[in-house]
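Notes for the one structure printed next.
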Amino acid sequence: MANSINEIYCLGIESTADDFGVGISTCSGEVLANISDGYIPEKGGIHPREAARHHAMVASDVLDKALNQAGIKSSDLSLIAFSQGPGLGPCLRTGATVARALAAYLNIPLVGVNHSIAHVEIGKLKTNTTDPITLYVSGGNTIISAFNSGRYRIFGETLDIALGNCLDVFSREAGLKHKKGIPLGAALEKLALDGNNFVLMPYIVKGMDVSFSGLLTSAVTLLRQKKYRLQDLCYSLQEIAFAMVCEVTERALAHTEKKEILLTGGVAANNRLQFMLSLIAKDHGVSFNKVPLEYATDNGAMIAWTGLLAFRSGVVTPIEKSMVKLRWRIDRVDIPWIT
Amino acid sequence: MDNLIILKQLQKGAEATISLANWYEKKVIIKSRKIKKYRHPQLDERIRRFRTIHEPQLIYEAKKAGVPTPTIFLVDTTNMLIIMEFIQGKQVKYLLPLLSKTERSKLCFKIGELVGKLHFYGLIHGDLTTSNMILDDYDKLFLIDFGLGEKQNELESRGVDLHLMKRGFQSTHNQFANASFRDVMSGYSNVIGEPFTTNILEKIQEIELRGRYVEERKLK
Ligand SMILES: Nc1ncnc2c1ncn2[C@@H]1O[C@H](COP(=O)(O)OP(=O)(O)O)[C@@H](O)[C@H]1O
Ligand SMILES: [Mg+2]
Numbered sequence: 456m457a458n459s460i461n462e463i464y465c466l467g468i469e470s471t472a473d474d475f476g477v478g479i480s481t482c483s484g485e486v487l488a489n490i491s492d493g494y495i496p497e498k499g500g501i502h503p504r505e506a507a508r509h510h511a512m513v514a515s516d517v518l519d520k521a522l523n524q525a526g527i528k529s530s531d532l533s534l535i536a537f538s539q540g541p542g543l544g545p546c547l548r549t550g551a552t553v554a555r556a557l558a559a560y561l562n563i564p565l566v567g568v569n570h571s572i573a574h575v576e577i578g579k580l581k582t583n584t585t586d587p588i589t590l591y592v593s594g595g596n597t598i599i600s601a602f603n604s605g606r607y608r609i610f611g612e613t614l615d616i617a618l619g620n621c622l623d624v625f626s627r628e629a630g631l632k633h634k635k636g637i638p639l640g641a642a643l644e645k646l647a648l649d650g651n652n653f654v655l656m657p658y659i660v661k662g663m664d665v666s667f668s669g670l671l672t673s674a675v676t677l678l679r680q681k682k683y684r685l686q687d688l689c690y691s692l693q694e695i696a697f698a699m700v701c702e703v704t705e706r707a708l709a710h711t712e713k714k715e716i717l718l719t720g721g722v723a724a725n726n727r728l729q730f731m732l733s734l735i736a737k738d739h740g741v742s743f744n745k746v747p748l749e750y751a752t753d754n755g756a757m758i759a760w761t762g763l764l765a766f767r768s769g770v771v772t773p774i775e776k777s778m779v780k781l782r783w784r785i786d787r788v789d790i791p792w793i794t
Numbered sequence: 715m716d717n718l719i720i721l722k723q724l725q726k727g728a729e730a731t732i733s734l735a736n737w738y739e740k741k742v743i744i745k746s747r748k749i750k751k752y753r754h755p756q757l758d759e760r761i762r763r764f765r766t767i768h769e770p771q772l773i774y775e776a777k778k779a780g781v782p783t784p785t786i787f788l789v790d791t792t793n794m795l796i797i798m799e800f801i802q803g804k805q806v807k808y809l810l811p812l813l814s815k816t817e818r819s820k821l822c823f824k825i826g827e828l829v830g831k832l833h834f835y836g837l838i839h840g841d842l843t844t845s846n847m848i849l850d851d852y853d854k855l856f857l858i859d860f861g862l863g864e865k866q867n868e869l870e871s872r873g874v875d876l877h878l879m880k881r882g883f884q885s886t887h888n889q890f891a892n893a894s895f896r897d898v899m900s901g902y903s904n905v906i907g908e909p910f911t912t913n914i915l916e917k918i919q920e921i922e923l924r925g926r927y928v929e930e931r932k933l934k
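Line by line, the protein sequences are chains F and Z.
Going by our numbering, the letters in the first sequence line up with residues 456 to 794, in that order.
Going by our numbering, the letters in the second sequence line up with residues 715 to 934, in that order.
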């Protein structure tokens, strides 16, 4: 498969949170491999150090599988990319260590990639969009961003916890279990389908920002009171939380006058959220684009692809500048590949 | 409505449709909060009703605080619309990049003074973007769009109000965001005083850190 002499192969490593992923991309935007292994906590949320231990244990296996899937040898690689932040310290450091070792061993350049930017870039690639307003919603991030004068700018974000975190904490409190292939959000979505009684809870929007902690506290309190059916609470929680991110996305859309909406991140898998955003898009005469699930959740392919974009514009990360950045914001990074 | 002649739709804003109309030979704005089909009907009705009633109240309070706002002529909670004075002028969003450095600095100082007056009086605007500021043809600066406003005087709310404006500057007016926000804060300080301005700047910094990637919250 991999024979063209001109082709550049980039291997990307993703390890910001509970997934360890390896992807391989080419310059033309082809994804040759995208393998991931997720850590599932026995109980409670992610324990960063346990997740990091998981990543270290599966790393060589995931790397092997990715190279196999791509049908190339490690010596065919020209570039190693890794997610340098934002994320959980121990997890990020494990991925970075693997990346540094590989780059040094193969004697090829290293590129540190901003995880949030990678979500946007792979989303644009896979949906054929060029200049979208992006709603990125996952367990650790809630960001509404769009490109403006050299960088991805943040138009809206959460003032406290992330949307996915809000859904997960509630689900766990309700006794739902995270199983392989069925994340907590999916379990909650399924229950919500059987809800029909709307329960009003705090709806908090400030300009283009949202706040979920009041909603979460209220939902958990009502759950413990056992006054409502769980299905109705799941349903109402989704309706309110999604309406909040939809409202700020619409506000950012009106403000920026962009013509495309892009939905990505783990929560992008939710059908109800997709439908709500598609209605907004229709209403404003813009296109709605959802990133395919494989590329919407954390994955290595997005890191590989973004690493290539950066590398082609002359960006490399010398080892001494490759420390991980736990709170690296999307708007702190110059984007030389968009002109 | 009697004698109301709609001239044209000016804008499809974030949450409302804005039309220019003639009403007894006077130009007016109709701000209509249409049904959002994506929202649950009960939630939608509640949000639209709340904001339709709230916005005129706050617009009136802001006037009392000495901040120019459009005069409200009619509030209709059946159709969820507000009829208000038309401010003939330019949206600051489009104006700001066209100004010279000194003019821009003066306008930002003025913005800061108005926000200072609001906060001093115990009001929060709730959506301080340059889309929601109009400089009229006589060079008088107006604040509009109080639908997300609140009567509040907590440091936290004031901090969030200014944080939103600062980030709005960074995302929309990056070339001069930092200088402009500094000018806004000197106008603010001019009204509300130095000590409080120092406090609020610290608060803004604290708020900025919160939205960043945070570790999962665990329930107690
Ligand atoms: N009283 C007014 N006079 C002139 N223009 C107005 C007036 N009210 C609104 N507009 C214009 O319409 C736009 C949207 O109105 P706004 O009240 O901000 O609604 P939204 O909540 O949808 O943002 C404003 O940005 C402004 O350009
Ligand atoms: Mg507005």
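Backbone N, C-alpha and C fix where the C-beta goes; we use that ideal spot for every residue, glycine too.
Treat the numbers as computed from the prediction; the structure is a model and nothing was measured.
- DSSP places F:Q680 inside the alpha helix (DSSP H), whose first and last residues are S668 to Q680.
- In the structure shown, F:M757 falls within a helical segment according to DSSP collapsed to helix, strand and coil.
- Here DSSP, grouped into helix, strand and coil, assigns F:G567 to strand.
- For F:A698, a Cβ of chain Z is located within less than 9 Å of the residue's own Cβ.
- Annotation for F:A756: G467, G478, S480, V486, N489, I577 and Y750 place their beta carbon closer than 7 Å to its own, counting only its chain and skipping 5 residues before and after.
- Nearest in C-alpha terms to Z:G873, of all of F:K661, F:L718 and F:R627, is F:K661.
- Per the coordinates, the alpha-carbon of F:V517 lies some 57 Å from the alpha-carbon of Z:G836.
- For the pair of segments examined, the segment 627 to 645 of chain F was found not to touch the segment 848 to 862 of chain Z: the number of CB pairs separated by less than 8 Å stays below three.
- Taking one beta carbon from each stretch, the segment 572 to 590 of chain F and the segment 515 to 531 of chain F have fewer than 3 pairs nearer than 8 Å; the two do not touch.
- Taken from the Cβ of Z:F800, at least one heavy atom of ligand 1 lies inside 8 Å.
- Taken from the Cβ of Z:T731, every heavy atom of ligand 2 lies 8 Å or farther away.
- A distance criterion of 8 Å places the beta-carbon of Z:D853 beyond contact range of ligand 2, judged by its closest non-hydrogen atom.
- Within the DSSP secondary-structure output, F:A488 pairs in a beta bridge with F:I479.
- Taking 9 Å as the CB threshold, Z:N892 stays off the interface with chain F.
- Remark: C-beta atoms of F:L708 and F:I463 do not approach each other more closely than 9 Å.
- Fewer than three beta-carbon pairs drawn from the segment 609 to 627 of chain F and the segment 552 to 569 of chain F are found closer than 8 Å, and the two stretches are therefore not classed as touching.
- Per DSSP, Z:V742 lies in no alpha helix (DSSP H); the unbroken beta strand (DSSP E) holding it starts and ends at K740 to S746.
- Closer than 9 Å to the CB of Z:I921 there is at least one CB belonging to chain F.
- Neighbours of F:Y658 across chain Z, judged by C-beta separation under 9 Å: L757, R760 and I761.
- Within chain Z, the residues whose beta carbon sits less than 7 Å from that of F:M731 are Y752, listed in sequence order.
- Residue-level contact check: Z:L832 does not touch chain F, since none of the beta carbons of chain F fall below 9 Å from its beta carbon.
- Listed as beta-bridge partners of F:K745 by DSSP are F:L718.
- Per the C-alpha coordinates, the member of Z:D841, Z:T791, Z:V905 and Z:K745 positioned closest to Z:I720 is Z:K745.
- Its chain contains P496 as the residues whose beta carbon lies nearer than 8 Å to that of F:H502, once the 5 sequence neighbours on both sides are disregarded; these appear in chain order.
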